[in-house]
Amino acid sequence: MSGKGRRDLSETERAEWTAFTKKIAPLSGKLRNAARALAKEIAPAYPQPAPKAAKPAKPAPQPIVKPPVKREAPPLVPLERREKLRVARGKIEIEGRLDLHGHTQDEAHGALLRFLHRSSGSGRKLVLVITGKSGVLRRQVPLWLGKPEFRSMVIAAEPAGVRHGGEGALYVRLRRDRD
780 MSGKGRRDLS
790 ETERAEWTAF
800 TKKIAPLSGK
810 LRNAARALAK
820 EIAPAYPQPA
830 PKAAKPAKPA
840 PQPIVKPPVK
850 REAPPLVPLE
860 RREKLRVARG
870 KIEIEGRLDL
880 HGHTQDEAHG
890 ALLRFLHRSS
900 GSGRKLVLVI
910 TGKSGVLRRQ
920 VPLWLGKPEF
930 RSMVIAAEPA
940 GVRHGGEGAL
950 YVRLRRDRD
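Residues in the sequence shown are numbered consecutively from 780, following the working numbering.
Laid out in structure tokens, this is it:
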């Protein structure tokens, strides 16, 4: 095969081609010029592809401005084991108490938020929040303490010792107020 997509000529085809090309003579100078002129006249009949327009220059990329990083409080942690034992035995004083018995969820949420704001603002470090041993508040209060509105004030929370209400109460360690 003599090229991509071409087939070889058979012996008869080759003989015919050779006989045909022997009869052909190159064009003389005048005829060659006439053929070129004719080609130029015919060429406009076939539309030429339009020249491509120059692409507009790309504008310089704008620097990416990242929004300021909002610092979040670290996750809520349990009290240290030693600290919890000392509080349960009465060696560390509980500086405030909030009893949420008889409150609806909305009332309890508001009361807890106000109590923690007051306690944190007055420099208290450890408070006791009484939720009751059963019911919705016992499950909800630890979840609330993990929310951003409380995380700015609360470092740690853990179920209280038996002396202070056991599973129905929480020790809550507060952050120092940084003015």
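Beta carbons are placed, not taken as given, at the ideal position from N, Cα and C, and that holds for glycine.
Quick caveat: nothing in here was measured; it's all calculated off a predicted structure.
Mark residue i as exposed unless 16 or more other C-beta atoms lie within 10 angstroms of its C-beta, in which case mark it buried.
i	result
THR791	exposed
ILE909	buried
GLU886	exposed
PHE799	exposed
LYS870	exposed
VAL944	The residue asked about is misnamed: residue 944 is Gly in this sequence, not Val. With 16 or more other Cβ atoms within 10 Å, it is buried.
HIS880	exposed
Determine the extent of the alpha helix (DSSP H) in which residue i is found, giving its start and end residues.
i	result
ARG860	860-867
GLY900	884-900
ARG918	915-924
ARG793	790-801
ARG930	927-930
My understanding is that residue i touches residue j, with C-beta atoms under 8 Å, so please give their C-beta distance in whole angstroms.
i	j	result
LEU953	VAL906	7 Å
LEU877	LEU891	7 Å
LYS904	GLY947	With 8 Å as the limit, LYS904 and GLY947 do not qualify as a contact, their Cβ atoms being about 22 Å apart.
MET932	HIS882	About 19 Å separates the two Cβ atoms, so there is no contact after all.
ALA936	PRO921	6 Å
ALA867	ARG942	6 Å
SER898	GLY914	Wrong, their Cβ atoms sit about 23 Å apart, outside the cutoff.
Along the beta strand (DSSP E) that carries residue i, what are the first and last residues, could you check?
i	result
LEU907	905-909
GLU937	933-938
GLY947	No beta strand (DSSP E) holds GLY947; DSSP gives it neither H nor E.
ARG876	875-878
Whole angstroms are fine: how far does the CA of residue j sit from the CA of residue i?
i	j	result
PHE894	ALA939	18 Å
ARG930	TYR950	15 Å
LYS926	PRO840	39 Å
ALA813	SER807	10 Å
GLU872	GLU862	11 Å
ARG955	LYS837	53 Å
PRO846	TRP923	27 Å
LYS783	ILE843	52 Å
LEU864	GLU928	28 Å
PRO835	ALA829	17 Å
GLU820	LEU810	15 Å
Tell me the DSSP bridge mates of residue i?
i	result
VAL941	Paired residues: none, contrary to the question.
VAL856	ALA935
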